[in-house]
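Q: Just passing along the structure, written as structure tokens.
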Amino acid sequence: MIKFYDAVVIGSGPGGFTSALILAKGGLKVALVEAEELGGTCLNRGCIPKEGLYRIAKEAHSLRKKGFEVKLDFERALKYVRTRINQIKANAEFLLKREGIDLIKGTGVLVDENTVKVGKNLYLRGEHVVLACGSKPKERHTSPEDVLTGKVLPRGKILIEGSGASACELSFILSAFGYHVCLKVEGRLLKDYPVDEDMVEKLEEELELCGVKFVDSVIDADLHVKATGRVPNLCKESFPFLEFDQEGYVKVDECMRTNIKNVYAVGDITKPMGASHAIAKAKSACQSIMDLYNPYRPELVPIVICSAFELGFVGSYEARHKKITKTLNANTKSFVNGRRGIISMYVDEEGRLSYFSIVGEEVSEALNLISFTMNNALWDDQLFRMPYTHPSLCEYFGDIALDYSVNRV
564 MIKFYDAVVI GSGPGGFTSA LILAKGGLKV ALVEAEELGG TCLNRGCIPK
614 EGLYRIAKEA HSLRKKGFEV KLDFERALKY VRTRINQIKA NAEFLLKREG
664 IDLIKGTGVL VDENTVKVGK NLYLRGEHVV LACGSKPKER HTSPEDVLTG
714 KVLPRGKILI EGSGASACEL SFILSAFGYH VCLKVEGRLL KDYPVDEDMV
764 EKLEEELELC GVKFVDSVID ADLHVKATGR VPNLCKESFP FLEFDQEGYV
814 KVDECMRTNI KNVYAVGDIT KPMGASHAIA KAKSACQSIM DLYNPYRPEL
864 VPIVICSAFE LGFVGSYEAR HKKITKTLNA NTKSFVNGRR GIISMYVDEE
914 GRLSYFSIVG EEVSEALNLI SFTMNNALWD DQLFRMPYTH PSLCEYFGDI
964 ALDYSVNRV
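Take any residue in the sequence shown, note its place counting from 1, add 563, and you have its number in the working numbering.
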């Protein structure tokens with residue numbers, strides 16, 4: 564059987580789902596192919612369940628610091644989170660139906676530049692094809708996915724291996740739930756992230772205060788979790804026409820176009836990985852399909868790591884020139900919350916904000932404001948003049964902008 568579409572999207576994670584919605588809203592007839600669960604890794608086994616458990620862990624940790632006794636039940640918390648995930652999934656299905664997107668279950672294979680084969684007998688012909696096949700754990704071992712889905716339940720002493728965001732986040736979550744967590748790091752924590760060493764040291768100190776023990780070697784534990792990275796979930800043999808780099812990622816240009824005409828690649832099958840990057844890539848690819856130019860700029864995608872505190876960053880780490888550091892001690896919001904934080908900013912040689920990092924509370928929302936200013940080349944006067952709610956973390960950015968403007972040479 565052959566079905567015809569304007570666009571065929573393979574994969575329904577953040578990159579694929581976003582692509583399908585944007586293209587459908589643009590008037591295109593779209594098919595969305597998904598081999599497993601709608602929402603991909605992010606919704607079912609990654610960022611969403613992790614975010615749900617993190618919010619519970621964070622609240623418990625905060626109450627304990629204020630002197631309250633709090634006991635958490637991991638299985639019960641996971642059941643609550645799964646209920647919320649099912650609600651999100653139902654809403655996602657509603658959005659697909661509302662936009663007239665055909666959700667097709669099965670594994671999609673690219674036959675040529677316009678044809679995707681699903682199963683044995685279904686062929687989808689599309690003027691454009693978007694590949695968003697996601698990623699999978701690098702090692703075949705107990706992974707954070709197994710814990711976040713309840714496939715493997717935490718118990719007793721837990722050893723977590725890894726130096727990235729997942730290792731930091733899962734260590735804090737499980738520690739807050741009362742487990743004895745040991746973290747084995749190869750090299751420096753967050754070594755592959757553009758974060759200053761003082762920020763990393765503060766995170767390590769805070770994790771230790773939360774009960775996480777850093778170890779130098781593999782130790783005996785009741786549960787051993789490897790959070791040692793992910794690889795593209797793409798079988799090269801199923802996509803023989805594509806060009807890959809040495810690490811197995813699909814090669815793309817600034818608009819996410821592959822070497823094959825009309826075929827785009829977004830999400831974790833391209834560098835860098837992450838849900839925020841996947842959505843940004845999808846926007847770039849879809850606008851290119853609709854004859855608009857919106858190049859993907861990875862340095863302008865804000866990233867937040869939710870661990871013992873929230874650590875966020877955005878900007879070009881390579882364009883650092885002059886550093887400006889501020890503490891959040893005097894900020895009303897931080898004072899009321901009983902938490903301190905640090906802001907580090909860098910300007911380039913022309914005095915424009917080039918890189919921004921922050922540790923503290925409510926970083927996810929606050930960082931979006933900085934991302935907006937950087938994406939629109941705003942700073943100084945515009946950020947200072949903007950009205951803010953009080954008390955809030957964002958209002959501090961206006962004060963920083965004023966200080967920088969006054970003291971700028």
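Here a beta-carbon is modelled for each residue, glycine too, at the ideal position from N, C-alpha and C.
Computed from a predicted structure; not experimentally measured.
ALA594 bridges to which residues according to DSSP?
A: VAL571, ASP665
Q: Rounded to the nearest angstrom, what separates MET853 and LYS799 at their Cα positions?
A: 28 Å
Q: Under the rule that 16 or more other beta-carbon atoms within 10 Å means buried, what is SER1005, buried or exposed?
A: Beyond the ends of the chain as shown, which are 564 and 972, falls residue 1005; an answer cannot be given.
Q: Would you grab the beta carbon distance between LEU716 and CYS731 for me? Rounded to a whole angstrom, and I think it's under 8 Å.
A: Not really, about 21 Å apart at Cβ, beyond 8 Å.
Q: With the cut-off set at 7 Å, would you say TYR617 and CYS869 are in Cβ contact?
A: yes
Q: Kindly indicate the opening and closing residues of the beta strand (DSSP E) around PHE740.
A: Where PHE740 is concerned, there is no enclosing beta strand (DSSP E), given that its DSSP letter is neither H nor E.
Q: Which full runs of the beta strand (DSSP E) of 3+ residues lie inside the segment 828-910, going along the chain?
A: 866-869, 873-878, 885-890, 905-910
Q: Taking buried to mean at least 16 other C-beta atoms within 10 Å of its own C-beta, is ILE565 buried or exposed?
A: exposed
Q: If I'm right that LYS660 touches LEU601 with Cβ under 8 Å, what's the distance once you round it to whole angstroms?
A: 12 Å between Cβ atoms; not a contact.
Q: Mapping DSSP to helix, strand and coil, what is TYR959?
A: helix
Q: Helix, strand or coil for CYS745, going by three-state DSSP, please let me know.
A: strand
Q: Can you check which of these residues, LYS846, ASP785, GLU760, PRO795, is closest to ILE921 by C-alpha distance?
A: Closest option to ILE921, judged by alpha-carbon separation, among LYS846, ASP785, GLU760, PRO795: GLU760.
Q: Quickly, what does DSSP pair TYR756 with across the bridge? List them, please.
A: According to DSSP, which records beta bridges pairwise, TYR756 is partnered with nothing at all.
Q: Of the choices ASN939, SER927, ALA929, ALA838, whose alpha-carbon is the least far from that of TYR917?
A: Checking the sequence, you will find Ser at residue 917 rather than Tyr. Comparing alpha carbon positions, the residue from ASN939, SER927, ALA929, ALA838 closest to SER917 is ASN939.
Q: Classify ILE782 as buried or exposed, calling it buried when 16 or more other Cβ atoms lie within 10 Å of its own Cβ.
A: exposed
Q: Residues in the same chain with beta-carbon distance under 8 Å from SER851, minus the five sequence neighbours each way, listed in chain order, please.
A: These residues qualify, in order along the chain: CYS818, MET819, ARG820, TYR827, ASN857.
Q: If you drop the 5 nearest sequence neighbours on each side, which residues of the same chain put their C-beta closer than 6 Å to that of GLY590?
A: Around GLY590: no qualifying Cβ.
Q: From ILE866 to SER839, what distance separates their C-alpha atoms?
A: 7 Å
Q: Could you check if PRO577 is buried or exposed, using at least 16 other CB atoms within 10 Å of its CB as the buried criterion?
A: buried
Q: Start and end of the beta strand (DSSP E) containing SER920?
A: 916-923
Q: Can you have a look at LYS844 and say buried or exposed, based on whether 16 or more other CB atoms are within 10 angstroms of its CB?
A: buried
Q: With which residues is VAL551 paired in a DSSP beta bridge?
A: Outside the displayed span of the chain (564 to 972) sits residue 551, for which this structure offers no information.
Q: Sort ILE905, LYS592, CYS610, GLU958 by Cα distance to LEU766 and report the nearest one.
A: ILE905
Q: So the alpha helix (DSSP H) THR678 belongs to, where does it begin and stop?
A: Run containing THR678: none in the alpha helix (DSSP H); it sits in the beta strand (DSSP E), 678-681.
Q: Residues bridged to GLU724 by DSSP?
A: LYS747, LYS789
Q: Any idea what DSSP makes of ASP675, helix, strand or coil?
A: strand
Q: Note down, in chain order, each residue of its chain lying with its Cβ closer than 8 Å to the Cβ of SER706, except the 5 sequence neighbours on either side.
A: PRO700, VAL788, LYS789, ALA790
Q: Within the segment 612-662, note down every full alpha helix (DSSP H) run reaching 4 residues or more, in order along the chain.
A: For the segment 612-662, whole alpha helix (DSSP H) runs of length 4 or above, ordered along the chain, are 637-661.
Q: In this structure, how does DSSP classify GLY578 when only helix, strand and coil are distinguished?
A: helix
Q: Does GLU764 come out as helix, strand or coil in the three-state DSSP assignment?
A: helix
Q: To the nearest angstrom, report how far apart VAL758 and ALA728 are at their CA atoms.
A: 12 Å
Q: What would DSSP say about LYS566, mapped onto helix, strand or coil?
A: strand
Q: Taking the alpha helix (DSSP H) that GLY603 belongs to, which residues open and close that run?
A: Counting along the chain, the alpha helix (DSSP H) containing GLY603 begins and ends at 603-608.
Q: Can you tell me whether DSSP reads LEU687 as helix, strand or coil?
A: strand
Q: Mark ASP538 as exposed unless 16 or more other C-beta atoms lie within 10 angstroms of its C-beta, in which case mark it buried.
A: Within the shown structure, residues of the chain are numbered from 564 to 972, placing residue 538 beyond reach of any answer.
Q: Run the CB neighbour count on ASN677, radius 10 Å, all protein chains shown included, and call it buried at 16 or more, exposed below.
A: buried
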